[in-house]
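Chemist: For the record, the sequence lines run as chains A and B. So for the first sequence, this note's numbering puts the first residue at 141; every next one is plus one. So for the second sequence, this note's numbering puts the first residue at 2; every next one is plus one. We put the beta carbon where it would ideally sit given N, CA and C, even for glycine. Source: prediction; values computed, not measured. This is the structure, below, for whatever I ask next.
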Amino acid sequence: MTAIDWGWFPDHLGDMASLTLEHLSIAVPAVLLGLLIALPLAVVAHRVRMLRGLILGASNVLFTIPSLAFFVLLLPVTGLTRSTAVTGLTIYTLVVLIRNTVEGLDSVPSRAREASLAMGSRPLRTLLTVELPLALPVIMAGVRVATVMAISLVSVASYIGYGGLGQLFTDGFQRSYTTPVIAGVLLTLLLALLADAVLVAVQYLCTPWARHRTNAKGA
Amino acid sequence: MHALGPAPYERQGGLTVLELLSHLAHWLTSPAQWSGSGGIAVRLLEHLRYSLLATFVGAVLALPLGLLIGHTRRFAFLAINLAGFGRALPTVGLVTLVFLAGGLSMWPVYVSLVALAVPVIVTNTYAGMTAVDPDVTDAARGVGMTGLQVLWQIELPLALPLVMTGLRLALIQVVSTATIAAYVSFGGLGRYIFDGLAQRDLVQVLGGAVLVAVLAVLLDLVLAAVQRSLFRHRPAAAR
Numbered sequence: 141m142t143a144i145d146w147g148w149f150p151d152h153l154g155d156m157a158s159l160t161l162e163h164l165s166i167a168v169p170a171v172l173l174g175l176l177i178a179l180p181l182a183v184v185a186h187r188v189r190m191l192r193g194l195i196l197g198a199s200n201v202l203f204t205i206p207s208l209a210f211f212v213l214l215l216p217v218t219g220l221t222r223s224t225a226v227t228g229l230t231i232y233t234l235v236v237l238i239r240n241t242v243e244g245l246d247s248v249p250s251r252a253r254e255a256s257l258a259m260g261s262r263p264l265r266t267l268l269t270v271e272l273p274l275a276l277p278v279i280m281a282g283v284r285v286a287t288v289m290a291i292s293l294v295s296v297a298s299y300i301g302y303g304g305l306g307q308l309f310t311d312g313f314q315r316s317y318t319t320p321v322i323a324g325v326l327l328t329l330l331l332a333l334l335a336d337a338v339l340v341a342v343q344y345l346c347t348p349w350a351r352h353r354t355n356a357k358g359a
Numbered sequence: 002m003h004a005l006g007p008a009p010y011e012r013q014g015g016l017t018v019l020e021l022l023s024h025l026a027h028w029l030t031s032p033a034q035w036s037g038s039g040g041i042a043v044r045l046l047e048h049l050r051y052s053l054l055a056t057f058v059g060a061v062l063a064l065p066l067g068l069l070i071g072h073t074r075r076f077a078f079l080a081i082n083l084a085g086f087g088r089a090l091p092t093v094g095l096v097t098l099v100f101l102a103g104g105l106s107m108w109p110v111y112v113s114l115v116a117l118a119v120p121v122i123v124t125n126t127y128a129g130m131t132a133v134d135p136d137v138t139d140a141a142r143g144v145g146m147t148g149l150q151v152l153w154q155i156e157l158p159l160a161l162p163l164v165m166t167g168l169r170l171a172l173i174q175v176v177s178t179a180t181i182a183a184y185v186s187f188g189g190l191g192r193y194i195f196d197g198l199a200q201r202d203l204v205q206v207l208g209g210a211v212l213v214a215v216l217a218v219l220l221d222l223v224l225a226a227v228q229r230s231l232f233r234h235r236p237a238a239a240r
């Protein structure tokens, strides 16, 4: 194995920074878009028993499709653009996001919901101000898993030219040069770790009522 | 840094979606495509061989570890961190790294597929073990069972549904990811995807992707059926 070429790093700081940004510009919209789709679907799955199996089953089937296949299947629709990468990843985050949101909503004590309704809140208000906040720890656990997965999977999109740090793998592979590959792996791991830490902080800030309890379940 | 990777892909010139689908259907069903050394039948078997072997090796490594962590209730942080690490580790990077380190062999493929399978199996096995009611294991110890007996006769059977779920999830992910074998010049269904990308043959790429997806879904259905028949007597089993 060729040793790491340390001289490569200072010469490519700019590349690493721009690839990291590209990486984030694919992973972050994918997770946000995934949440946007998953939340309403999960609420429906939580409320309507008949659709529950259908929604959860469908998202499970989507999960079985290889991520590379997603990107490729989207090519005729979205072409070779960044949206192909984002859309493919979005679909991949859905299964975790939907499942955790449904589980989170299920875990809300029915007393809390009933109390809110009895006090005159409309169902939508109850959902937004009582149920979703109480379900937040489990939902956030899903968001964390989905984010880490998305960051790791962005590199698959390097096959279609939008891989963020994954470009370093293709680069190293084509030139039989180990250093960029190691840099890419380490930066991806670091990025996933940082994103996870940010989400933990966000959850801490969003759930002031949970701070004095022992660790929220889910993670 | 200029654009790397495969040549930019252009929309298949003037092909409507309907035409594309009909080409795809033809590709998937023509007998010529299925036979021969590069035929779908051969690629399908290669893909199955990589996937099953990697999942099996992953299970051999991961099951004892998951059982040990679950039984002793120690090193739980190991299971949790392993899961996070496994999710964050980019498989494409790992396969490239092992390939550059070890040269042309099946090692890069198996190392990265096993690395994909192990965390999933460990965490689900561990989760299954911790879900076992401590009253039950206490009772088992109370009637004089040794630690090993408790593990084999009490904990493992009770944890089995989640262990199976872990194996299923691992197999799905391995089947999906085994396409990377073609990336380092081996076979499997990924061959169609990478060759198609290189030749800008969208139909071939789509055909490969559809085959991998169908294989993953079918294997999952088979394992789900096995799981159901194993635990038929348990109303609240699995998941």
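With a cut-off of 8 Å, do at least 3 Cβ pairs link the region 299–313 of chain A to the region 204–212 of chain A?
Modeler: yes
Chemist: Alpha carbon to alpha carbon, how far is valine 248(A) from glutamate 254(A)?
Modeler: 11 Å
Chemist: Check for me: the alpha helix (DSSP H) holding isoleucine 70(B) runs from which residue to which?
Modeler: 41–73
Chemist: Counting pairs of Cβ atoms below 8 Å between the region 328–338 of chain A and the region 275–293 of chain A, do you hit three or more?
Modeler: yes
Chemist: Is there a C-beta anywhere in chain A that falls below 8 Å from the one on aspartate 196(B)?
Modeler: no
Chemist: For arginine 253(A), report the span of its alpha helix (DSSP H) as first-last.
Modeler: Unbroken alpha helix (DSSP H) run through arginine 253(A): 250–258.
Chemist: Would you kindly work out how many angstroms separate the C-alpha atoms of alanine 60(B) and leucine 274(A), rounded to a whole number?
Modeler: 37 Å
Chemist: Quick one: what does DSSP say valine 133(B) is sitting in, helix, strand or coil?
Modeler: coil
Chemist: Along the chain, where does the alpha helix (DSSP H) containing glycine 208(B) start, and where does it finish?
Modeler: For glycine 208(B), the uninterrupted alpha helix (DSSP H) run begins and ends at 203–231, by DSSP.
Chemist: The alpha helix (DSSP H) that contains proline 32(B), what's its start and end?
Modeler: 32–35
Chemist: Where alanine 341(A) and leucine 190(B) are concerned, what is the direct C-alpha to C-alpha distance, given to the nearest angstrom?
Modeler: 42 Å
Chemist: Where histidine 27(B) and leucine 105(B) are concerned, what is the direct C-alpha to C-alpha distance, given to the nearest angstrom?
Modeler: 34 Å
Chemist: Using 8 Å as the limit for Cβ to Cβ distance, is aspartate 202(B) near chain A?
Modeler: no
Chemist: Report the three-state DSSP secondary structure of leucine 196(A) (helix, strand or coil).
Modeler: helix
Chemist: Listed from N- to C-terminal order along the chain, which residues in the region 167–179 of chain B have their beta-carbon within a distance smaller than 8 Å of any beta-carbon of chain A?
Modeler: Ile173, Val176, Ser177, Thr178
Chemist: Tell me whether leucine 144(A) sits in a helix, a strand or coil according to DSSP, three-state version.
Modeler: According to the sequence displayed, residue 144(A) carries isoleucine and not leucine. Coil, per DSSP.
Chemist: Could you tell me whether the region 252–268 of chain A touches the region 199–208 of chain A, where touching means 3 or more Cβ pairs closer than 8 Å?
Modeler: no
Chemist: Are the region 161–179 of chain B and the region 123–137 of chain B in contact at 8 Å, needing three or more beta carbon pairs?
Modeler: yes
Chemist: So which of Val183(A), Phe313(A), Ala167(A), Ile144(A) has the shortest CA-CA distance to threonine 266(A)?
Modeler: Val183(A)
Chemist: Please name the residue in Phe309(A), Ala225(A), Thr347(A), Phe149(A) whose C-alpha comes closest to that of leucine 164(A).
Modeler: Ala225(A)
Chemist: With the cut-off set at 8 Å, would you say leucine 242(B) and leucine 207(B) are in Cβ contact?
Modeler: Examination of residue 242(B) is not possible in this model, given that chain B is present from 2 through 240 alone.
Chemist: Between the Cα of aspartate 336(A) and those of Val171(A), Gly312(A), Phe149(A), spot the shortest distance and give me the residue it belongs to.
Modeler: Val171(A)
Chemist: At the 8 Å Cβ level, is threonine 318(A) part of the contact set with chain B, yes or no?
Modeler: yes
Chemist: With DSSP as the reference, label glycine 174(A) as helix, strand or coil.
Modeler: helix
Chemist: Kindly list the residues whose CB is nearer than 6 Å to the CB of glutamine 205(B), restricted to its own chain and excluding five residues on each side of it in sequence; keep chain order.
Modeler: Tyr193, Gly197
Chemist: Less than 8 Å between the beta carbons of threonine 319(A) and aspartate 155(A), yes or no?
Modeler: no
Chemist: Does the separation of the CB atoms of glycine 167(B) and valine 112(B) fall below 8 Å?
Modeler: no
Chemist: For serine 292(A), does the three-state DSSP call read helix, strand or coil?
Modeler: helix
Chemist: My understanding is that isoleucine 173(B) touches alanine 118(B), with C-beta atoms under 8 Å, so please give their C-beta distance in whole angstroms.
Modeler: Not really, about 10 Å apart at Cβ, beyond 8 Å.
Chemist: So, are the CB atoms of isoleucine 155(B) and valine 137(B) less than 8 Å apart?
Modeler: Judged by their CB atoms, isoleucine 155(B) and valine 137(B) are nearer to each other than the 8 Å cut-off.
Chemist: Does arginine 239(A) come out as helix, strand or coil in the three-state DSSP assignment?
Modeler: In the three-state reduction of the DSSP assignment, arginine 239(A) falls in the helix class.
Chemist: Given this structure, state the Cα-to-Cα distance separating proline 348(A) from leucine 272(A), to the nearest angstrom.
Modeler: CA-to-CA, the gap between proline 348(A) and leucine 272(A) works out to about 14 Å.
Chemist: Using the C-alpha atoms, what's the distance from arginine 187(A) back to leucine 345(A)?
Modeler: Using only the alpha carbons, I get a separation of about 28 Å.
Chemist: For glutamine 343(A), which residues of its own chain have a beta-carbon under 6 Å away from its beta-carbon, when the five flanking residues on both sides are left out?
Modeler: Around glutamine 343(A): Met280.
Chemist: Quick one: which chain B residues come within Cβ less than 8 Å of valine 285(A)?
Modeler: Arg88
Chemist: Between glycine 6(B) and the rest of its own chain, which residues show a CB-CB distance below 8 Å, the 5 nearest in sequence each way excluded?
Modeler: Unreliable placement is indicated for glycine 6(B), whose pLDDT of 38 sits below 50; the coordinate value is still reported in the next sentence. There are no such residues.
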